[in-house]
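Numbering (UniProt numbering) for the sequence shown: 1 to 119. Notes follow once the structure below has been shown.
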Amino acid sequence: IFQLCSDNVQYFSKATSWSGYSERMVNVSNKIQQCSGTLRDIVSRLQDIAPNYDFDEHTPGNGFRSLVCICDTTVLHLISLQKTVTEQRGSFVFRLAHYCKELEAFAKVVDFLMDSLPL
Numbered sequence: 001i002f003q004l005c006s007d008n009v010q011y012f013s014k015a016t017s018w019s020g021y022s023e024r025m026v027n028v029s030n031k032i033q034q035c036s037g038t039l040r041d042i043v044s045r046l047q048d049i050a051p052n053y054d055f056d057e058h059t060p061g062n063g064f065r066s067l068v069c070i071c072d073t074t075v076l077h078l079i080s081l082q083k084t085v086t087e088q089r090g091s092f093v094f095r096l097a098h099y100c101k102e103l104e105a106f107a108k109v110v111d112f113l114m115d116s117l118p119l
């Protein structure tokens, strides 16, 4: 995710048109890039403490494991969006506004997760 964000920041930093969305894409990609390390650390700590709160040794399930799944799903979707932007940004029918808004929405989810997680 770090490399995909970096590539998109570099590409959209040079763009002059796109009516403001190129700057927003740079900002959101930078934000995702900065948050990715912190989120990785939080997920790692959640994975470390989750086994302590399982119902029993045969039932590995609790809220901490659910939070790890939510973080994983969010990061996978961010990777998918950044990859799609990287692959399609030169296309005539590329919809920068759509992808920018999607990434901004998921960046807000990442902010919420980082603020809400108990670590």
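The C-beta atom is built at its ideal place from N, Cα and C for all residues, glycine as well. These numbers were taken from a predicted model, which means no experiment stands behind them.
With fewer than 16 other Cβ atoms from the protein chains shown falling within 10 Å of its own Cβ, C69 counts as exposed.
Every alpha helix (DSSP H) stretch that sits fully inside the region 59 to 112 and reaches 4 residues is listed by chain position as 63 to 88.
Secondary structure note for S22: its alpha helix (DSSP H) is the uninterrupted segment Y21 to I49. For the pair Y21 and A97, the CB atoms are nearer than the 8 Å cut-off. In the DSSP annotation of this structure, the continuous segment of the alpha helix (DSSP H) that includes N8 starts and ends at F2 to S13.
Per DSSP, reduced to three states, the secondary structure at D115 is helical. A distance below 8 Å between beta-carbons, with the five flanking residues on each side excluded, links V109 to the following residues of its chain, in chain order: T74. Here D56 is bridged, per DSSP, to T59. The C-beta distance from L117 to L67 rounds to 6 Å, short enough to meet the 8 Å contact threshold.
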